[in-house]
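To keep things clear, I will list the structure first and then write my remarks on it.
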Amino acid sequence: MTVIEAENISKRYIIDHIKGNAKGNTLREIVTDNIKNLFTKKVSEEISHEDFWALKDVSFKIEQGDRVGIIGSNGAGKSTLLKVLSRITEPTLGKINIKGRVASLLEVGTGFHPELSGRENIFLNGAILGMKRQDIKNQFDAIVDFAGVEQFLDTPVKRYSSGMYVRLGFAISAHLEPEILIVDEVLAVGDADFQRKCLGKMKDASTSGRTILFVSHNLTAVQGLCNKGMFMKKGQLIEMGETNQVLATYLSHVQKTALESWWLTPEEAPGNDRVRLKSIKLLPQFLDGQKHIDVRTKFKIQIEFWNMLEGANLNLSLHLNSLTGECIFNIGTTSKTFDKGIVTAECEIPDNYLNDGSYSISFMVVKDTSSVVFNFEEALIFEIEDYREGTSWYGKWPGYVRPKIDFHISQLELESVS
Amino acid sequence: MQETVIQAGRSEKYYWQDLWRFKELLLILALRDITVKYKQTFVGIAWAVFRPVLTVSVFVFAFDKVAKIENKSAIPLQIIIFTGVIFWNFFAMSFQQVSNSITGNANLVSKVYFPRLLMPLSSVAVPLLDFLVGFAVMIPFLIYKGYPPTFHILFVPFFLILSFLASFSLGVIFASLNVQYRDFQQIVPLIVQYGFFVCPIAYPIASIQELSWYPIYQWINPLAGIIEGFRWCLIPNYHYFQWDTIIPSVVFVTITTILSVVFFRKKENSFVDFI
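Heads up: the protein sequence lines correspond to chains C and S, in order. Residues in the first sequence are numbered from 1 upward in steps of one, following this note's numbering. Residues in the second sequence are numbered from 1001 upward in steps of one, following this note's numbering.
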């Protein structure tokens, strides 16, 4: 049974840009602006309004019992979508049909009053989240037990540690028993033990027929809990489907501009039945204030891969290529015996060595220094930016290497050439 | 199974049902305000007694003993002031609490769904409690002074409700406007402060009734009628109040209540965007 059906949900916010002599939009400013306009002949469009679509044409269907993980970069519209589903804010366009009671956990400890004790806050928070007083009474012991705050039930909540606060807040929400539970990134706080408990509770909830929508940046958690995923970017739903598929799309979107590629499980990683690439990372050593790798930056290349061969002599052979395909250099590790598991390799490229430009790294895992186990072509693509000092010429510096070699020039003799 | 449809401008149908469904929350929020106010105080709820007693003493000192306001009525100024202060405290505090109820609960507005009208409604709890305590202290005082209340006292709830509607409607308008323009929370203390002098609280209405512009005053200041009605309930033979003087107040209050709720409902959905 479809429990949530959303059609073309859009949410618009209007951003004011203040130009010219207009001051803004507090009451005083609006009044003074209008008075000013009375006295000047100019009627200028001084405050321009920009439409910001936090959600644009989002449509989806969620079935009963689904555990949907909503992922995306910051600002993608995930929290806005949850707010619309929770009826906290109205959509500008579109329609949603929901079957069942919705309980939202958008923040842990919503409505907690610091002066009230734990006990009082349980009733307060429970009522705010929509629980009837009798339900709270019935679940009271279970809530206290889950949170582990029995000793502190009568102390004001302002004295709780942040961990206790979060545990109590989640404990109350976890016992809400709604048909649809919406959770927004609340696992970001809390220790590993707590997160495990929360995920466990959410999993239990779904086995009893409840539907869960879960926003998180913790991709392992999403993978562990959810059977479906929704990938959002810039207010739009890019993909919805089976979790691993959506995660893969998300990762590929994110990493086009990053200095690293990594994969969560061997199954989805590139490779074969003997080796699979786990991650390849560029770790630059930036100077103060630097944000991008340039010719002065020293950086490490770190590679990790899953090895499925028992007791094999392996080494890594790395090619640094220009984007036109020319090999700049080829370096290799020594050959060692490795067991099944994860193997890591690292090298450091010196500063003032490579010229600016785009490069790609390909590497091979080699067995017994002779047979290629797998060739990872273009495992990582990166750019080195230009930096000039001591010259006023700004054309493209030729060559693949740009080493800092001392090159002296000085006056030897005066006027001996006729 | 509960079915909900979310669409722009569609929240009307569910709103009043939801208000009923969330009635427990109203109680809980009221209880929360009361508990928080008196927690961690040593004297506790006795403050609700001290406040009016202190206020009355100070005003009697200032207006009766020092300024010697001309008391054109037959009733001692102390009684005029006591009854006025008990009433005014309720009105003023309700107005202040209601106008602050949305911005003061910003965390709830942005994170949880419930009909927002519950917040101004629940914020009247503390003023109401203070009123009841002050009222309980006032009755022995009236008896002691030789003015035991008659059966008119049964009409007190009527005037209390009028006062509640007046402060609620004004407060709700301010609360809605305050979310977007925080200037309004600055105006509230001024209204309370000056309203105290404009209304016949520290002086008897007899002093104004003979003035030529009294009929206009009656229409502009609906509270005057309500205060006098309140006094009529408590003080025997209070002939400064006739039932026809209450009509402008009732009309005014009814209209403002309806308008304020409509205004609030219109603005409600945008609270979260400005808060």
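Note that the Cβ used here is the ideal one computed from N, Cα and C, for glycine as well.
Alpha-carbon spacing of residue i relative to residue j, whole angstroms
{"i": "Glu-293/C", "j": "Glu-346/C", "result": "According to the sequence provided, residue 293/C is Ile. The question's Glu does not apply to it. Roughly 18 Å between the two C-alpha positions."}
{"i": "Lys-1037/S", "j": "Phe-1141/S", "result": "26 Å"}
{"i": "Phe-170/C", "j": "Gly-1225/S", "result": "52 Å"}
{"i": "Gln-285/C", "j": "Phe-299/C", "result": "6 Å"}
{"i": "Thr-207/C", "j": "Val-68/C", "result": "14 Å"}
{"i": "Val-1250/S", "j": "Ala-1125/S", "result": "23 Å"}
{"i": "Phe-1274/S", "j": "Met-1001/S", "result": "34 Å"}
{"i": "Ile-1235/S", "j": "Pro-1200/S", "result": "15 Å"}
{"i": "Asn-1071/S", "j": "Lys-1023/S", "result": "47 Å"}
{"i": "Leu-82/C", "j": "Met-232/C", "result": "12 Å"}
{"i": "Ile-1247/S", "j": "Gln-1218/S", "result": "10 Å"}
{"i": "Ala-147/C", "j": "Lys-203/C", "result": "17 Å"}
{"i": "Trp-263/C", "j": "Phe-152/C", "result": "43 Å"}
{"i": "Leu-213/C", "j": "Ala-269/C", "result": "27 Å"}
{"i": "Pro-419/C", "j": "Gly-109/C", "result": "Missing from the structure shown is residue 419/C; chain C here goes from 1 to 418 and no further."}
{"i": "Lys-99/C", "j": "Leu-1029/S", "result": "28 Å"}
{"i": "Asp-369/C", "j": "His-217/C", "result": "Correcting the residue type first, residue 369/C is Thr in the shown sequence and not Asp. Computed Cα separation, rounded: 41 Å."}
{"i": "Trp-150/C", "j": "Val-144/C", "result": "According to the sequence displayed, residue 150/C carries Glu and not Trp. So the two alpha carbons sit approximately 6 Å from each other."}
{"i": "Gly-235/C", "j": "Ile-35/C", "result": "39 Å"}
Buried versus exposed, by CB contacts within 10 Å (16 or more), residue i
{"i": "Phe-1061/S", "result": "exposed"}
{"i": "Gly-1009/S", "result": "exposed"}
{"i": "Arg-419/C", "result": "Past the edges of chain C, shown from 1 to 418, lies residue 419/C, and the structure says nothing about it."}
{"i": "Phe-52/C", "result": "exposed"}
{"i": "Lys-197/C", "result": "buried"}
{"i": "Pro-350/C", "result": "exposed"}
{"i": "Ile-1216/S", "result": "exposed"}
{"i": "His-17/C", "result": "exposed"}
{"i": "Thr-1256/S", "result": "buried"}
{"i": "Met-1/C", "result": "exposed"}
{"i": "Val-1043/S", "result": "exposed"}
{"i": "Pro-228/C", "result": "For the record, residue 228/C in the displayed sequence is Lys; it is not Pro. Per the 10 Å Cβ criterion, buried."}
{"i": "His-1239/S", "result": "exposed"}
{"i": "Arg-388/C", "result": "exposed"}
Residue i and residue j closer than 7 Å at C-beta
{"i": "Ser-261/C", "j": "Leu-380/C", "result": "yes"}
{"i": "Gly-311/C", "j": "Thr-337/C", "result": "yes"}
{"i": "Gly-209/C", "j": "Gly-65/C", "result": "yes"}
{"i": "Val-422/C", "j": "Thr-211/C", "result": "Outside the modelled stretch of chain C, which goes from 1 to 418, sits residue 422/C, for which no answer is possible."}
{"i": "Cys-226/C", "j": "Thr-243/C", "result": "yes"}
{"i": "Pro-114/C", "j": "Ile-9/C", "result": "no"}
{"i": "Val-1188/S", "j": "Gln-1078/S", "result": "no"}
{"i": "Met-1138/S", "j": "Ile-1086/S", "result": "yes"}
{"i": "Ile-88/C", "j": "Glu-50/C", "result": "no"}
{"i": "Lys-396/C", "j": "Asn-352/C", "result": "no"}
{"i": "Phe-1063/S", "j": "Ala-1202/S", "result": "yes"}
{"i": "Lys-340/C", "j": "Met-364/C", "result": "no"}
{"i": "Lys-78/C", "j": "Val-215/C", "result": "yes"}
{"i": "Ser-1073/S", "j": "Pro-1222/S", "result": "no"}
{"i": "Glu-177/C", "j": "Asn-97/C", "result": "no"}
{"i": "Val-246/C", "j": "Phe-374/C", "result": "no"}
Supposed contact pair residue j and residue i - C-beta distance, whole angstroms, cut 8 Å
{"i": "His-408/C", "j": "Ser-362/C", "result": "Between Ser-362/C and His-408/C the Cβ distance is about 39 Å, and since that is not below 8 Å, they are no contact."}
{"i": "Val-1253/S", "j": "Leu-1165/S", "result": "5 Å"}
{"i": "Ser-1260/S", "j": "Ser-1169/S", "result": "4 Å"}
{"i": "Glu-7/C", "j": "Gly-126/C", "result": "Not a contact, Cβ separation roughly 33 Å."}
{"i": "Ala-1092/S", "j": "Val-1192/S", "result": "5 Å"}
{"i": "Arg-1116/S", "j": "Glu-1268/S", "result": "5 Å"}
{"i": "Leu-316/C", "j": "Ile-301/C", "result": "Actually they do not touch by this definition, with Cβ atoms about 10 Å apart."}
{"i": "Leu-199/C", "j": "Gly-224/C", "result": "6 Å"}
Contacting residues, own chain, Cβ-Cβ under 6 Å from residue i (five flanking each side not counted)
{"i": "Leu-106/C", "result": "Asp-184"}
{"i": "Ser-358/C", "result": "Leu-323, Glu-383"}
{"i": "Asp-386/C", "result": "Asp-356"}
{"i": "Phe-1059/S", "result": "Ile-1081, Ala-1202"}
{"i": "Thr-257/C", "result": "Confidence is the limiting factor: at Thr-257/C the pLDDT is only 47, short of 50, which leaves the residue's position unreliable and the question unanswerable from this model."}
{"i": "Asp-1018/S", "result": "Pro-1115"}
{"i": "Leu-414/C", "result": "none"}
Close beta carbons around residue i, own chain, < 8 Å, minus the five adjacent residues each side
{"i": "Asn-1178/S", "result": "Ser-1099, Asn-1100, Ile-1102, Thr-1103, Phe-1184, Gln-1185"}
{"i": "Asp-154/C", "result": "Ser-117, Gly-118, Arg-119"}
{"i": "Val-1272/S", "result": "Val-1109, Ser-1110"}
{"i": "Thr-297/C", "result": "Pro-284, Gln-285, Phe-286, Leu-287, Gln-290, Asp-351, Ile-384"}
Chain D contact residues for residue i, given Cβ-Cβ distances below 9 Å
{"i": "Gly-100/C", "result": "Considering every chain present, this structure includes no chain D. Its protein chains are C and S."}
Other residues of its chain near residue i: CB distance less than 7 Å, five sequence neighbours each side excluded
{"i": "Leu-1121/S", "result": "Leu-1026"}
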